[in-house]
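Report on the structure given below.
In UniProt numbering, the protein residues as written are 1 to 302.
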């Protein structure tokens with residue numbers, strides 16, 4: 001074999017070896033690239049899944065919030081509809097004579113007796129619609145706001161509050177705390193004034209006059225009825241004590257005469273509510289109510 005042939009053989013072997021080496025390197029590189037692409041694809045896939053889950057959770061939260069808003073809106077609309085329906089019904093109902101109203105109200109509950117009543121609080125409210133005042137011996141309900149749970153339970157101004165949820169109360173502040181702490185239902189034990197009644201007088205829309213006059217009685221420390229017009233003698237009597245006007249208890253001070261006159265004058269036309277104490281001859285001239293201390297407790301609406 002000549003030198004040229006040996007050279008050609010050696011060159012051929014070197015070329016083949018180089019080709020095999022490059023082929024092996026290309027395969028390794030291809031595998032590495034394939035693995036890298038696979039990992040990148042899997043990472044992107046997982047990221048997309050997380051985004052989809054996050055979008056789904058957000059959509060669920062938004063849907064729940066919209067449901068809550070719609071539910072609240074429906075409840076509010078229902079309450080507004082009920083209020084409107086009651087107002088329309090009141091406008092459509094025929095007027096009730098004062099005597100009939102007075103009889104119905106007086107007959108609906110005993111007077112001078114203790115009673116226990118459950119009052120359901122309205123959603124989102126802690127108050128039941130009464131005002132309290134501490135006198136020397138009693139906690140007195142001085143006012144009942146119209147349309148409140150207390151008014152619907154026929155709690156009346158002048159009633160004495162004896163217990164809240166079974167706990168006896170001797171302080172207006174303590175009674176207020178117990179009422180505020182109750183969650184949904186408040187159980188009140190009250191005692192009404194002996195011989196106390198509620199009457200309704202028809203107030204004219206023409207001149208707004210009510211043919212009744214009051215004066216201060218210094219002996220019993222109450223506002224007393226001193227004149228009654230012929231049209232309402234079946235409801236009021238001279239000598240009746242005026243306890244409250246339109247659900248607001250009068251203070252037992254001489255200036256209450258002026259306040260009572262103003263409240264009657266400023267009351268809207270229609271039925272005017274008066275809470276009175278009708279005394280017998282054996283009680284005339286002496287106080288039948290608890291005397292008020294010089295520094296008594298008087299709370300706002302609770």
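Positions of the beta carbon are idealized from the N, C-alpha and C atoms, including for glycine.
C-alpha distance - residue i paired with residue j, whole-angstrom precision
i, j, result
"residue 247", "residue 265", "15 Å"
"residue 224", "residue 239", "6 Å"
"residue 165", "residue 153", "15 Å"
"residue 77", "residue 48", "43 Å"
"residue 116", "residue 191", "9 Å"
"residue 269", "residue 169", "38 Å"
"residue 249", "residue 56", "60 Å"
"residue 256", "residue 73", "45 Å"
"residue 176", "residue 123", "18 Å"
"residue 39", "residue 183", "59 Å"
"residue 244", "residue 274", "6 Å"
"residue 46", "residue 36", "16 Å"
"residue 52", "residue 64", "18 Å"
8 Å CB neighbourhood of residue i in its chain, flanking five on each side removed
i, result
"residue 212", "201, 225, 227, 228, 229, 232, 236, 264"
"residue 12", "none"
"residue 261", "214"
Local conformation of residue i per DSSP, three classes
i, result
"residue 236", "coil"
"residue 203", "strand"
"residue 243", "strand"
"residue 267", "coil"
"residue 55", "helix"
"residue 113", "coil"
"residue 63", "helix"
"residue 36", "helix"
"residue 12", "helix"
Residues near residue i in its chain [Cβ-Cβ closer than 7 Å; skip 5 each side]
i, result
"residue 186", "119, 121, 128, 164, 165, 179"
"residue 144", "129, 130, 150, 151, 155, 156, 157, 247"
Element boundaries [beta strand (DSSP E), containing residue i]
i, result
"residue 277", "270-277"
"residue 209", "Element bounds for residue 209: n/a, residue is neither H nor E."
"residue 226", "222-228"
Run of the alpha helix (DSSP H) containing residue i, from where it starts to where it stops
i, result
"residue 252", "Segment: none, residue 252 is in no alpha helix (DSSP H) and carries neither H nor E."
Contained beta strand (DSSP E) runs [length at least 3] in the UniProt domain "PDZ" (116-194), N- to C-terminal order: 130-134, 139-144, 160-164, 185-191
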